[in-house]
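**Q** Residue numbers (my numbering): 47 to 612.
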Ligand SMILES: [Zn+2]
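#1: Count the other CB atoms within 10 Å of the CB of residue 68; is the residue buried (16 or more) or exposed (fewer)?
#2: Excluding the 5 residues flanking residue 272 on each side, which residues of the same chain have their C-beta closer than 6 Å to its C-beta?
#3: Among 481, 422 and 168, whose alpha-carbon lies nearest the alpha-carbon of residue 304?
#4: For residue 613 and residue 394, what's the separation of their Cα atoms in angstroms?
#5: Determine the burial state of residue 495: buried for a count of at least 16 other Cβ atoms within 10 Å of its Cβ, exposed for fewer.
#6: The alpha helix (DSSP H) with residue 519 in it runs from where to where?
#7: Just checking residue 221 against ligand 1 - is the residue's beta carbon closer than 7 Å to any of the ligand's heavy atoms?
#8: CB-CB under 6 Å to residue 107, same chain, minus the five flanking residues each way: which ones, in chain order?
#9: Quick one, are the C-beta atoms of residue 192 and residue 172 less than 8 Å apart?
#10: Is it true that the CB of residue 178 sits closer than 8 Å to the CB of residue 221?
#11: Report the residue ranges of all alpha helix (DSSP H) runs contained in full by the stretch 374-450; include only those spanning at least 4 residues, in chain order.
#12: Just to confirm my understanding: we take residue 206, look at its own chain, exclude 5 residues before and 5 after, and list those with CB closer than 6 Å. What are they?
#13: Figure out for me which residue from 598, 66 and 445 has the closest Cα to the Cα of residue 46.
#14: What do you get for residue 321, buried or exposed, if any count of 16 or more other CB atoms within 10 angstroms of its CB means buried?
#15: Residue 214 lies in the alpha helix (DSSP H); which residues open and close that run?
#16: Does the stretch 468-477 come within contact of the stretch 447-457, defined as at least 3 CB pairs closer than 8 Å?
#17: Can you tell me whether DSSP reads residue 474 as helix, strand or coil?
#18: Tell me, please, which residues DSSP counts as bridged to residue 165.
#19: Considering only heavy atoms of ligand 1, does any lie closer than 7 Å to the CB of residue 192?
#20: CB of residue 172 to nearest heavy atom of ligand 1: below 7 Å?
#21: At what residue ranges does the stretch 315-380 contain a whole run of the alpha helix (DSSP H), taking only runs of 4 or more?
#22: Does the distance from the CB of residue 443 to the CB of residue 427 come in under 8 Å?
#23: Between residue 299 and residue 360, what straight-line distance do the alpha-carbon atoms span, to the nearest angstrom?
#24: State the DSSP-derived secondary structure class of residue 231, mapped to helix, strand or coil.
#25: Candidates 369, 219 and 215: which alpha carbon is nearest residue 188's?
#26: Tell me the DSSP secondary structure of residue 533 in three-state form.
#27: When every heavy atom of ligand 2 is checked, does at least one fall within less than 7 Å of the C-beta of residue 512?
#28: Expressed to the nearest angstrom, what Euclidean distance is found between the alpha-carbon atoms of residue 489 and residue 461?
#29: Report yes if the C-beta of residue 178 is less than 7 Å from at least one heavy atom of ligand 1; otherwise report no.
#30: I want to know whether the stretch 233-243 touches the stretch 206-217 - three or more CB-CB distances under 8 Å.
#31: So, helix, strand or coil for residue 56, using DSSP?
#32: Buried or exposed, going by whether 16 or more other CB atoms sit within 10 Å of the CB of residue 382?
#33: Under 8 Å by Cβ, that's how I've got residue 350 and residue 402 pegged, so tell me the actual separation to the nearest angstrom.
#34: Between the C-alpha atoms of residue 63 and residue 147, what's the straight-line distance to the nearest angstrom?
#35: Report the rounded CA-to-CA distance for residue 424 versus residue 306, giving the unit in angstroms.
#36: Using a Cβ-Cβ cut-off of 7 Å (strictly less than) and excluding sequence neighbours within five positions of residue 584, which residues of its own chain qualify?
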């Protein structure tokens with residue numbers, strides 16, 4: 047292994063000769079890189095401001111990576127020198143440039159390297175460290191070494207020169223009270239504690255802000271639910287607006303309201319909104335689904351029961367009417383109410399009085415009734431299954447809630463609101479729906495109405511990768527596919543075949559030796575990075591990788607390129 051025996055910093059003349067001041071163009075060149083001659087004091091105050099606004103840790107990361115980037119550039123120059131000099135001499139370019147650039151005076155203490163075998167050990171003395179001095183001036187003596195940009199430079203320079211990750215640490219630092227700084231560098235895996243490597247991974251502050259924003263949305267939706275209209279009580283279609291206007295007008299008084307609509311159109315939501323908009327909003331809202339209670343229990347559920355009224359009535363308890371006293375009672379699927387219960391209900395509506403089962407006492411009750419049905423109640427009246435007097439009493443104020451297929455102009459808007467809601471709940475960042483998915487949402491018939499749309503969007507949010515758009519097959523489950531096809535869509539078949547064919551072609555090119563698996567991977571990674579305009583976080587999302595996983599892949603691809611070159 048090549049060793050540096052004598053300390054030498056001579057022969058920098060050719061380096062100096064590569065510095066060109068072009069007054070004509072206002073540029074300074076070092077080899078082929080544009081350089082800046084900046085005021086150390088201005089740089090120091092920028093460094094201070096970074097620390098003040100981002101905190102020590104985050105500023106350290108930024109500065110380390112900044113140094114790393116400049117080290118990598120200087121290594122390019124060193125590699126051109128390596129063609130005409132020994133490895134050690136070529137390597138010394140970096141320390142010489144670091145000195146020439148006015149950052150720190152570098153003297154090697156021990157340097158052993160073998161580029162072919164990838165062996166490296168380096169120990170250097172740093173005198174007049176610009177960073178150590180400026181840190182000390184602004185922040186006093188620090189408990190730990192502080193020459194972050196410079197350490198980043200050493201890591202970037204040596205890693206690029208060696209073609210493998212080399213980590214440096216400061217074992218002494220002028221910013222931490224020593225006379226000078228001293229640094230040691232060796233391959234990452236030879237360090238027992240290589241946790242400093244984390245400073246080389248950029249953390250996207252934009253991503254963190256996005257996460258915080260998502261949290262805010264989440265918190266707001268849990269805090270503000272009662273004050274704001276629910277997501278699905280919004281729409282612009284004529285049908286919805288008519289229904290909503292009727293609802294608003296009924297809110298101020300206590301007239302009984304009948305809500306009519308297909309399953310899933312949001313009848314309970316309408317009922318709750320009506321309650322919340324009116325003067326009873328601070329009183330109870332009690333919802334009962336008449337179809338869900340066995341007929342023999344409906345009366346005791348609604349009107350209450352006295353102890354001993356029937357076998358099994360061991361204690362007296364109030365019914366839903368009494369519990370809703372002063373507030374609103376919502377009776378869903380009222381068409382399922384047995385006839386005997388219907389007459390009791392009529393009496394409560396007429397006189398505001400009720401008796402518990404097995405009780406002689408008459409109780410006064412003050413309840414606003416909202417009923418809902420998805421059947422043709424009039425038909426039930428004709429068949430003698432629903433009392434006509436109760437029907438006429440209820441339909442005095444009837445609101446028809448339109449099915450979603452008649453609210454086309456609301457679909458995109460509702461889908462978007464559900465997307466926001468479920469993205470917040472599931473902690474996903476999605477970019478919306480693909481064009482094909484949007485078209486499917488508009489063409490589909492929505493037999494399950496808003497409830498179906500809501501479930502479908504939630505399914506899409508769960509299945510889609512963060513950073514992507516929801517695709518049509520992530521929305522429609524296989525049983526809905528058939529329904530979607532009825533609306534002229536070929537949801538899965540066509541897409542699946544396209545994918546399969548494309549995949550087959552790729553496999554063939556690997557089998558035929560047209561390209562290697564590594565090249566395929568490199569191509570994928572490169573394409574993703576290009577598509578994401580160099581934003582690694584979004585490139586990683588496109589590939590379904592985490593950012594560190596992508597960074598690792600990029601690094602190993604870069605390293606194998608370096609190895610091929612040398
Ligand atoms: Zn230092």
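Glycine included, each C-beta is placed from N, C-alpha and C at the ideal position.
As the structure is a prediction and not an experimental result, all values here were calculated from the model.
**A** Answer, in terms of the structure:
#1: As a working mapping, residue 68 is identified with position 22 in the chain shown. Per the 10 Å Cβ criterion, exposed.
#2: As a working mapping, residue 272 is identified with position 226 in the chain shown. Caution applies to residue 272, whose pLDDT of 47 falls short of 50 and renders its modelled position unreliable; the value that the coordinates give is listed next. Closer than 6 Å at the Cβ level, and outside the excluded window around residue 272, lies no residue.
#3: For the purposes of this step, residue 304 is identified with residue 258 of the chain shown, where counting begins at 1. Residue 422 is the option with its Cα nearest to residue 304.
#4: Nothing about residue 613 can be read from this structure; the chain reaches only from 47 to 612.
#5: In the chain shown, counting from the first residue as 1, residue 495 sits at position 449. So residue 495 ends up on the buried side.
#6: For this step, residue 519 is matched to residue 473 along the chain shown. Residue 519 -> alpha helix (DSSP H) spans 518-521.
#7: Locating residue 221 in the chain shown gives position 175, counting from the first residue. Result yes, Cβ under 7 Å from ligand 1.
#8: Here the question's residue 107 lines up with position 61 in the chain shown. So the qualifying residues of the chain are 245.
#9: Numbered from 1 along the chain shown, position 146 holds the residue referred to as residue 192. Numbered from 1 along the chain shown, position 126 holds the residue referred to as residue 172. Cβ atoms of residue 192 and residue 172: not closer than 8 Å.
#10: Indexing the chain shown from 1 puts residue 221 at position 175. Indexing the chain shown from 1 puts residue 178 at position 132. In this structure, residue 178 lies closer than 8 Å to residue 221 by Cβ.
#11: 385-397, 423-428 and 434-440
#12: Here residue 206 is taken as the residue at index 160 of the chain shown, counted from 1. Hits under 6 Å: 118 and 121.
#13: Any property of residue 46 remains undetermined from this structure, which presents the chain solely from 47 to 612.
#14: As a first step, residue 321 is located in the chain shown; it is residue number 275 there, counting from the start. Per the 10 Å Cβ criterion, buried.
#15: Looking up residue 214 in the chain shown gives position 168. Looking at the DSSP string, residue 214 is not in any alpha helix (DSSP H); the run it does join, the beta strand (DSSP E), is 212-218.
#16: no
#17: In the chain shown, the residue the question calls residue 474 occupies position 428. Note: residue 474 maps to coil in three-state DSSP.
#18: Mapped onto the chain shown, residue 165 falls at position 119. Answer by DSSP bridge pairing, in chain order: 160.
#19: Counted from its first residue, the chain shown places residue 192 at position 146. For ligand 1, at least one heavy atom lies less than 7 Å from the Cβ of residue 192.
#20: Taking the chain shown and counting its residues from 1, the one referred to as residue 172 is at position 126. Under cutoff, so the answer is yes.
#21: 341-349 and 366-369
#22: On the chain shown, position 397 is the one that residue 443 refers to. On the chain shown, position 381 is the one that residue 427 refers to. No, the pair does not count as a contact, with Cβ atoms beyond the cut-off.
#23: By 1-based counting over the chain shown, the position of residue 299 is 253. By 1-based counting over the chain shown, the position of residue 360 is 314. If you take the alpha carbons of residue 299 and residue 360, they lie about 39 Å apart.
#24: In the chain shown, counting from the first residue as 1, residue 231 sits at position 185. Strand.
#25: For the purposes of this step, residue 188 is identified with residue 142 of the chain shown, where counting begins at 1. The shortest Cα separation from residue 188 among 369, 219 and 215 belongs to 219.
#26: Within the chain shown, numbered from 1, the residue matching residue 533 stands at position 487. Residue placement at residue 533 is poorly supported in this model, since its pLDDT is 42, which falls under 50; the coordinates still yield a value, given next. Reduced to three states, the DSSP call for residue 533 is coil.
#27: Only ligand 1 can be found as ligands here, which leaves ligand 2 out of the picture.
#28: Within the chain shown, residue 489 is the residue found at index 443, counting from 1. Within the chain shown, residue 461 is the residue found at index 415, counting from 1. Spanning the two alpha carbons is a distance of roughly 14 Å.
#29: Position 132 of the chain shown, counted from the first residue, corresponds to residue 178. Correct: residue 178 has its Cβ closer than 7 Å to ligand 1.
#30: yes
#31: Reading the chain shown from its first residue, position 10 is the one you call residue 56. Legend: pLDDT at residue 56 = 47, less than 50; position of this residue unreliable, value from coordinates given subsequently. Reduced to three states, the DSSP call for residue 56 is coil.
#32: Here residue 382 corresponds to residue number 336 of the chain shown, with the count starting at 1. Buried.
#33: Position 304 of the chain shown holds residue 350. Position 356 of the chain shown holds residue 402. Yes, they are in contact, since the Cβ atoms of residue 350 and residue 402 sit about 4 Å apart, within 8 Å.
#34: As a working note, residue 63 is residue 17 in the chain shown. As a working note, residue 147 is residue 101 in the chain shown. Roughly 13 Å separates the two Cα atoms.
#35: The residue labelled residue 424 in the question sits at position 378 within the chain shown. The residue labelled residue 306 in the question sits at position 260 within the chain shown. For residue 424 and residue 306, the distance between alpha carbons rounds to 12 Å.
#36: Numbered from 1 along the chain shown, position 538 holds the residue referred to as residue 584. Hits under 7 Å: 513 and 578.
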